[in-house]
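Using my numbering, read the sequence shown as starting at 486 and increasing by one per residue.
Beneath this line is the structure, given in structure tokens, with notes to follow.
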Amino acid sequence: MYSYFYGQVVAVNKRSITFESYGKGYLINVANPNEFTVGNKMKIYIYDQYTTNNKNAFLKDYYGFITYGHKELFLSLMRCNGIGPKTALNICKNDLNLIKELIANKNQEQLSQCQAINLKMAANIIETLSEHYKNINTNPGANNAIIELISALKNLGYSKEDIQYAIDQIKANLNTELEISSLISEAIKLIINRNTISNQIIHDSH
């Protein structure tokens, strides 16, 4: 079992990347492919899993993470009943510190609003991992702003996927002194622009 690879991103795909390390190419499943850039030399933390196909041949699946913290969350999530690597990886699309704080604070309702998590799964995760994360040190100001923003966008009818996209764009330069109304306006603009571009691509392909 590998701990990490050091090498270069060769291709960025819809749900994975192609990564070259010491002359070998690996197809690695990742939570957010847009975090990777072709040509970048980097370390990527790895979880590898053996599976079998319908001919009982062994296959090896790779899951990759930019930081060890993301890998640790992924491994912790797989301790929960009913959560395998694909579900755990989808949950890792969310903000790392926010997920940990919601688990630590046993905030089931807000956790269930995060991408790839429903109410039943949130209860399961909290029951299994709340003690594990109870002493985490995060940025409560930023996380509270994100929680408010998620709740507001959900109430406005936006999907979890759209909400997570907006959060990913905003959190890098999040100013916690901004009014929540300003953050909501910025998030809505980002979602509208994203959907407009997606619709244009679909239209041009026909």
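C-beta atoms are modelled at their ideal positions from N, C-alpha and C, and glycine is treated no differently.
### Message
What would DSSP say about Phe-521, mapped onto helix, strand or coil?
### Response
Note: Phe-521 maps to coil in three-state DSSP.
#### Entry: Endpoints, the beta strand (DSSP E) within which Asn-502 is located
It is Ile, not Asn, that sits at residue 502 in the sequence shown. Taken as a continuous stretch (DSSP letters only), the beta strand (DSSP E) holding Ile-502 covers 501-506.
### Message
Contact defined as beta carbons within less than 8 Å: I believe Lys-585 pairs with Ile-611. What is the distance between those atoms, to the nearest angstrom?
### Response
Contact doesn't hold; Cβ gap of about 12 Å is too wide.
### Message
Classify Met-606: buried if its beta carbon has 16 or more other beta carbons within 10 angstroms, exposed otherwise.
### Response
By the 10 Å Cβ count, Met-606 comes out buried.
#### Entry: Closest residue to Leu-581 among Thr-552, Lys-645, Tyr-650, Glu-505 (Cα-Cα distance)
Nearest to Leu-581 by alpha-carbon distance, out of Thr-552, Lys-645, Tyr-650, Glu-505, is Thr-552.
### Message
Suppose contacts are defined by Cβ-Cβ distances below 8 Å. Is Ile-676 in contact with Leu-634 by that definition?
### Response
Judged by their CB atoms, Ile-676 and Leu-634 are not nearer to each other than the 8 Å cut-off.
### Task
Just the C-alpha distance for Gly-569 and Arg-500, rounded to the nearest angstrom, thanks.
Cα-Cα distance, rounded: 17 Å.
### Task
Give the C-beta separation of Ser-597 and Leu-604 to the nearest angstrom, bearing in mind that I take them to be a contact with Cβ-Cβ under 8 Å.
4 Å between Cβ atoms; contact.
### Message
According to DSSP, is Ile-531 part of a helix, a strand, or is it coil?
### Response
In the structure shown, Ile-531 falls within a strand segment according to DSSP collapsed to helix, strand and coil.
### Leu-562 to Ala-573 span [Cα, whole Å]
Here the alpha carbon of Leu-562 sits roughly 6 Å from the alpha carbon of Ala-573.
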